[in-house]
């Protein structure tokens, strides 16, 4: 996937061909860093403060200096979007400790962290498209660190790669607690109630949080609760959420029958109205 011509390097606008390969960067060498993927719609970023705040929280845990405030970042991001003249795109931002020292163990001396922002084309995706889900126990056990969007995204990639026939996979842990899909949070519909699994090891998705904190806009009760394998047979509908696709409709789950579609469709329709009003 191509990167658009202009990029941000530590808030400085540059041409993408001016960026040299990061041979010594901690992010490339060790997966030590964070990233965010943000939707650009009508030339504007959606929920950019929420993405930046999550990046900032992660930087504290990973002990990576993050020296810019949100106002500085948003101004620079807006300049980047304007310079690339792309109204509908993906904005990726990355934060790493920068280049390693000759002695890679000297991590306490991080003085030149790297903040990088690039824009890419957004793949075409029809909201009406419905996906199918496999279901299995996670192949790579999640930990507290998986709550953060680190550059080490290998677990998610491999879980998706292990899914052969279906579009994605619904993962559960050794205690049969439902977690998430390979690259999206999951929601279940039971009657008029919408439930997303409560977990201490699942990435706190931005779209997921938006639904939870804006229930009144969607006209349904939306809550976090523990969900187990035994609960699945009682749910009427399933949908997924992520920042780039928004609400993802689910057609089927291996071994289970979904009884309806209407509430997922209504939530998706309202979500699309919200983002198109930017």
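Numbering (the numbering used here), first residue to last: 7 to 284.
Backbone N, C-alpha and C define an ideal beta-carbon position, used for all residues, glycine too.
- Here the stretch 195-206 lies against the stretch 232-252, with 3 or more beta-carbon pairs under 8 Å apart.
- Here residue 64 carries a helix assignment [DSSP, helix/strand/coil].
- Counting every other CB atom within 10 Å of its CB across the protein chains shown gives residue 225 a total below 16, marking it as exposed.
- Where residue 37 is concerned, there is no enclosing beta strand (DSSP E), because DSSP gives it neither an H nor an E.
- The alpha-carbon separation between residue 154 and residue 65 amounts to approximately 9 Å.
- Closest in C-alpha terms to residue 174, from the list 62, 259, 238 and 81, comes 259.
- Taking residue 265 as the centre and dropping the five residues before and after it, the same chain places the C-beta of 242 closer than 7 Å to its C-beta, in chain order.
- Annotation for residue 202: no alpha helix (DSSP H) segment contains it, though the beta strand (DSSP E) segment containing it runs 199-203.
- Separation of residue 102 and residue 58 (C-alpha to C-alpha, rounded to the nearest whole angstrom) is 14 Å.
- Its chain contains no residue whose beta carbon lies nearer than 6 Å to that of residue 84 once the 5 sequence neighbours on both sides are disregarded.
- Within the same chain, Cβ atoms closer than 8 Å to the Cβ of residue 190 are found at 174, 211, 246, 247, 248, 251 and 254, the five residues on either side in sequence being excluded.
- Scanning its chain for C-beta atoms nearer than 6 Å, with the 5 sequence neighbours on each side dropped, one finds around residue 182 the residues 234 and 235, in chain order.
- Taking the Cα positions, residue 119 is about 15 Å away from residue 25.
- Scanning its chain for C-beta atoms nearer than 6 Å, with the 5 sequence neighbours on each side dropped, one finds around residue 28 the residues 34, in chain order.
- Residue range 243-248 is occupied by the beta strand (DSSP E) that includes residue 247.
- When the Cα atoms are used, residue 220 and residue 206 turn out to be separated by approximately 22 Å.
- Distance from the CA atom of residue 73 to the CA atom of residue 121, rounded to whole angstroms, is 10 Å.
- Spanning the alpha carbons of residue 145 and residue 10 requires a straight line of approximately 36 Å.
- When C-alpha distances from residue 147 are compared across 43, 256 and 160, the shortest belongs to 160.
- Going by DSSP, residue 88 is part of no beta strand (DSSP E) but of the alpha helix (DSSP H) stretching over 76-90.
- Cα atoms of residue 19 and residue 47: separation of roughly 21 Å, rounded to the nearest angstrom.
- Closest in alpha carbon position to residue 108, among 135, 69, 30 and 125, is 30.
- Judged by DSSP in its simplified three-state form, residue 263 adopts coil rather than helix or strand.
- Cβ neighbours of residue 231 within its own chain (closer than 7 Å, five residues either side excluded): 201 and 204.
- By the Cβ-count criterion, residue 208 is buried, with 16 or more other Cβ atoms from all chains shown falling within 10 Å of its own Cβ.
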